[in-house]
Structures are given as C-alpha cells and as structure tokens.
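Peer 1: Pasting in a structure now, in structure tokens, and then I'll have a few things to ask.
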Amino acid sequence: MRTHLGPELRPVRTEVSGCVFVEPDHRRRVTVQVRPGTLPTSRGQATTIAGRPGYARPADSSENGADRLVVLVDGEDDRTARLLEIRLRFQPRKGSTQGSDSVDTTGIEKLDALAADIAARAF
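Numbering (the working numbering), first residue to last: 139 to 261.
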C-alpha cells in the first residue's frame with residue numbers, strides 16, 4: 139500500500155467491512171474489501187489487472203471529493219466467485235471548508251498498480 143501511495147497512509151478502524159487506510163490530513167482514504175459475488179455487467183470499463191478480469195470506474199469528481207474504484211473477480215461460478223474491491227477516495231484536506239479547497243487527486247493513476255500488487259500477492 140505505502141509503496142504505491144506513500145508512507146502517510148495509516149490503518150484505521152471503522153464500521154466499514156474490509157481494511158481502511160487514511161492520511162493524517164484525511165485527503166486520501168483507501169478501502170480494500172474481499173466479498174463473495176460476481177461482476178456486475180454495467181458498472182464501469184472492463185479491465186484485466188494481474189490476470190484477473192474486472193472493471194474500473196473512472197474518478198467521479200465533485201467539490202466534496204473524487205472516487206476511483208477497481209473491482210476484480212476470482213472464480214467464474216456464482217457460488218464461489220470472490221470480488222476484490224479497492225476504492226481510492228480523495229477529499230478536501232482536514233480543516234478546509236467544503237468547496238473552498240480544490241480536491242487534489244495526485245496519485246489517482248497509481249490505483250491500478252496497487253490493485254495489481256494486491257491481486258498478485260493475496261487474491
């Protein structure tokens with residue numbers, strides 16, 4: 139994680155299932171989750187990362203932040219397929235007022251490399 143997105147990310151406990159990493163200034167939040175399921179047919183652009191089929195949804199931006207989502211599937215059967223979801227969320231830095239600070243999405247292009255690394259090592 140830190141190799142791709144920098145040493146500032148820290149694991150945090152939340153009510154979200156999966157692993158969540160956040161920077162101290164709250165600018166970036168990464169959520170990694172594995173769950174049962176199959177790929178939806180219309181959620182984004184088809185992709186293959188680390189030999190796994192999946193989809194990537196481009197960054198949706200607003201004054202409140204920007205999201206990039208990559209989902210990969212392992213398995214072909216509805217009963218045994220697992221999804222690896224990795225979401226990278228950019229938002230205004232902690233302490234800034236909404237809309238007053240443009241959202242810095244530097245590093246968003248590194249999410250596919252992070253997904254490939256996670257898929258190759260653990261999925």
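For every residue, glycine included, the Cβ atom is placed at its ideal position computed from N, Cα and C.
Small disclaimer: the values here were computed from a predicted structure and weren't measured.
(1) Taking the alpha-carbon of R206 as reference, which of D212, D215 and R195 has the nearest alpha-carbon?
(2) Taking the straight line between their C-alpha atoms, what separation do you get for E161 and E214?
(3) Identify whether L226 lies in helix, strand or coil by the three-state DSSP scheme.
(4) According to DSSP, simplified to helix, strand and coil, what is A188?
(5) Considering only residues of the same chain and omitting the five flanking positions on each side of Q171, which have a CB-CB separation below 7 Å?
(6) According to the neighbour-count rule (16 or more other Cβ atoms, all chains shown, within 10 Å of its Cβ), is R259 buried or exposed?
(7) By DSSP, does T169 sit in helix, in strand, or in coil?
(8) Three-state secondary structure (DSSP) at R206?
(9) Measuring straight from C-alpha to C-alpha, what distance separates T244 and R231?
(10) Quick check on the burial criterion: 16 or more other C-beta atoms within 10 angstroms. Buried or exposed for G192?
(11) When DSSP labels each residue in this structure, what does L221 get in the three-state scheme?
(12) Please look up how many angstroms separate the CB atoms of R167 and V158, rounded, as I've assumed it's under 8 Å.
Peer 2: The answer reads as follows:
(1) R195
(2) 36 Å
(3) strand
(4) coil
(5) S155, G156 and E223
(6) exposed
(7) strand
(8) strand
(9) 13 Å
(10) buried
(11) strand
(12) 7 Å
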